[in-house]
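Asker: Below: one structure in structure tokens.
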Amino acid sequence: LTKLSYGQRAAKHSNPAAKLLLETIERKKSNLSVSVDVTTSKDFLAIIDAVGPYVCLIKTHVDILEDFAPGLVEKLQALSEKHDFVIFEDRKFADIGNTVALQYSSGVHRIANWSHITNAHPVPGPSIIKGLASVGLPLGRGLLLLAEMSTEGSLAKGAYTEATYAMARANRDFVIGFIAQQRSNAVTADEDFLILTPGVGLDVKGDGMGQQYRTPKEVVLDSGCDVIIVGRGVYGKDYSLVDQIAAQAQRYREAGWKAYLERIAA
Ligand code: UP6
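In full-length UniProt numbering, the protein residues as written are 4 to 269.
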């Protein structure tokens, strides 16, 4: 699987959200996802407009926005069309099936209406997939399971991670892959799970709050992951520097794509 191109994988994928992401990566020659973790709609939209040309995927935490309003979703969707990127609300669902189905479909955010991809912690067991799939599958959405985390001391390892793969394997129509730090040999080539990897940075190794960073090369070439997720490494602290933010996005995009080309050529 690590030798196949994104385009080859797109052609074979049956889940619409996974197919769209793989096609977008191939078309834009970008395996970069920018995670836009800011608290105002103004900064949120400005950063997305700046990095949009260089990303395959925009990852959101809409519950961070202090001025969230339904109209924001339309603006996000317009930017997604303008720049050709997929949308991933990093909601990290973690409750019983009935509750997550309501959290996914309803509330202020109505995530299932606009987010192509979302994710969940496997901790409640397979019922979390059943609950989310009852909402997302008819809409053509895809789910990622958190098999590992980037943080120091993470409990998602060993038997927990292995059990996560098994849960995904049993629900391949809706589960399209994992948030993880590496591509495991436990997952075979005919089960095309996408590996999306946060904890990526070129300049620093951590953030003093448990986050741990690896480089795009370590993530894509050495660990066989598919998408690098970068937040603060791209937009830093001053959100008004849109040219600088765009330049950082280009830098990460180049690093991620180079690592992928080396991987498929190796
Ligand atoms: N994220 C991680 N690690 C995980 C899962 N998710 O960092 O294991 C998410 C965070 C944040 C982003 O919620 O939105 O990825 C990383 O941001 P950063 O690059 O600014 O550290």
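Even for Gly, the Cβ is constructed at its ideal location relative to N, Cα and C.
1) Would you call the CB atoms of A13 and I120 closer than 9 Å?
2) Can you name, in chain order, every residue of its own chain whose Cβ lies under 8 Å from the Cβ of N122, other than the five neighbours on each side?
3) Rounded C-beta distance between G55 and K15? I'm assuming under 8 Å.
4) So does the region 38-45 actually touch the region 257-269, counting three or more Cβ pairs closer than 8 Å?
5) Determine, using beta-carbon pairs with one atom in the region 195-208 and one in the region 226-233, whether at least three such pairs fall under 8 Å.
6) Only counting the same chain, and skipping five residues up and downstream in sequence, which positions put a Cβ closer than 7 Å to that of R186?
7) Could you spell out where the beta strand (DSSP E) holding G145 opens and where it closes?
8) If I follow the unbroken beta strand (DSSP E) through residue 273, where does it start and stop?
9) Rounding to the nearest angstrom, what Cα-Cα distance links L140 and R217 in this structure?
10) By Cβ distance, which residues of its chain are closer than 8 Å to S137, with the 5 residues on each side in sequence left out?
11) Specify the secondary structure class of A123 as computed by DSSP and reduced to three states.
12) Using 8 Å for Cβ pairs, my map puts V39 next to I51. What's the rounded Cβ distance?
13) Are the beta-carbon atoms of V237 and Y263 separated by less than 9 Å?
14) Give, in chain order, every unbroken run of the beta strand (DSSP E) that is at least 3 residues long and sits entirely within the region 25-83.
15) Is the Cβ-Cβ distance between L135 and Y107 less than 9 Å?
16) Between the beta-carbon of Y168 and the beta-carbon of V190, is there less than 9 Å?
17) Does the Cβ-Cβ distance between C59 and S36 come in under 9 Å?
18) Less than 9 Å separating the beta-carbons of I248 and G239?
Answerer: Taking the definition as stated:
1) Locating residue 13 in the sequence shown gives position 10, counting from the first residue. Locating residue 120 in the sequence shown gives position 117, counting from the first residue. Result no, Cβ atoms of A13 and I120 do not sit closer than 9 Å.
2) As a first step, residue 122 must be located in the sequence shown, where it is residue number 119. Cβ neighbours of N122 within its own chain (closer than 8 Å, five residues either side excluded): F91, D93, R94, K95, F96, L146, L147, L148, L149 and I182.
3) As a position in the sequence shown, residue 55 is number 52, starting the count at 1. As a position in the sequence shown, residue 15 is number 12, starting the count at 1. About 28 Å; that fails the 8 Å criterion.
4) With a cut-off of 8 Å on Cβ pairs, the region 38-45 is not in contact with the region 257-269, counting fewer than three such pairs.
5) Contact holds: three or more Cβ-Cβ distances are below 8 Å.
6) Here residue 186 is taken as the residue at index 183 of the sequence shown, counted from 1. Same-chain partners within the cutoff: T5, I198, S226, G227 and C228.
7) Walking along the sequence shown from the start, residue 145 turns up at place 142. Unbroken beta strand (DSSP E) run through G145: G145 to L149.
8) Residue 273 is absent from the structure shown; the chain starts at 4 and stops at 269.
9) As a first step, residue 140 is located in the sequence shown; it is residue number 137 there, counting from the start. As a first step, residue 217 is located in the sequence shown; it is residue number 214 there, counting from the start. In a straight line, the C-alpha of L140 is about 33 Å away from that of R217.
10) Taking the first residue of the sequence shown as 1, we reach residue 137 at position 134. Correct list, in chain order: G100 and A104.
11) As a position in the sequence shown, residue 123 is number 120, starting the count at 1. It is a strand residue.
12) To locate residue 39, count along the sequence shown from 1; it is residue 36. To locate residue 51, count along the sequence shown from 1; it is residue 48. 6 Å between Cβ atoms; contact.
13) One-based indexing of the sequence shown puts residue 237 at position 234. One-based indexing of the sequence shown puts residue 263 at position 260. With contacts defined by Cβ atoms closer than 9 Å, V237 and Y263 do not form a contacting pair.
14) Counting only runs of 3 or more, we get 35-39 and 60-63.
15) In the sequence shown, counting from the first residue as 1, residue 135 sits at position 132. In the sequence shown, counting from the first residue as 1, residue 107 sits at position 104. Yes.
16) Taking the first residue of the sequence shown as position 1, residue 168 is located at position 165. Taking the first residue of the sequence shown as position 1, residue 190 is located at position 187. It is a contact, given that the beta carbons lie within the stated cut-off.
17) Position 56 of the sequence shown, counting from 1, holds the residue named residue 59. Position 33 of the sequence shown, counting from 1, holds the residue named residue 36. With contacts defined by Cβ atoms closer than 9 Å, C59 and S36 form a contacting pair.
18) Locating residue 248 in the sequence shown gives position 245, counting from the first residue. Locating residue 239 in the sequence shown gives position 236, counting from the first residue. Yes; because the gap between Cβ atoms is below 9 Å, this pair is in contact.
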